[in-house]
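Student: Just so we're aligned: 51 in the UniProt record's numbering is position 51 of the sequence shown, and the numbers increase by one with no gaps anywhere.
The structure under discussion is supplied below as structure tokens; questions concerning it will follow.
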Amino acid sequence: MTVGKMIELLGGKAGVSCGKFHYGSAFGEKSGHADNVKTISKTLVNHGFNYSGKDFIYS
């Protein structure tokens with residue numbers, strides 16, 4: 001998997017957890033709408049996921 005795909009998968013998981021859309025582009029966006037990895041990670045940790053935990057991600 002590419003880095004961009006991993007960011008999209010984690011963003012989707014974070015979005016399901018908090019009920020909002022996450023835009024997880026690996027390249028970012030000049031307008032600032034893209035969520036970065038730190039924001040997505042913080043959302044997952046706030047919803048009970050371990051920051052360094054292992055998890056299965058399906059593509």
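Cβ atoms here follow ideal geometry from the backbone N, Cα and C, with glycine treated the same way.
Remember, predicted model here, so these are calculated numbers, not experimental data.
Report the three-state DSSP secondary structure of residue 17 (helix, strand or coil).
Tutor: As a working note, residue 17 is residue 17 in the sequence shown. Reduced to three states, the DSSP call for residue 17 is helix.
Student: Going by C-alpha to C-alpha distance, which of 44, 6, 36 sits closest to residue 138?
Tutor: Residue 138 falls outside the range modelled here, since the chain spans only 1 to 59, and no answer is possible.
Student: Shortest alpha-carbon distance to residue 54 belongs to which of 4, 2, 10, 3?
Tutor: The residue given as residue 54 occupies position 54 in the sequence shown. Ranking the options by Cα distance to residue 54, first place goes to 10.
Student: Looking at the structure shown, is residue 5 part of a helix, part of a strand, or coil, going by DSSP?
Tutor: Along the sequence shown, one-based indexing puts residue 5 at 5. Note: residue 5 maps to helix in three-state DSSP.
Student: Could you tell me the distance, in whole angstroms, from the CA atom of residue 59 to the CA atom of residue 22?
Tutor: Translated into positions along the sequence shown, residue 59 becomes position 59. Translated into positions along the sequence shown, residue 22 becomes position 22. Rounded to whole angstroms, residue 59 to residue 22 spans 17 angstroms at the Cα level.
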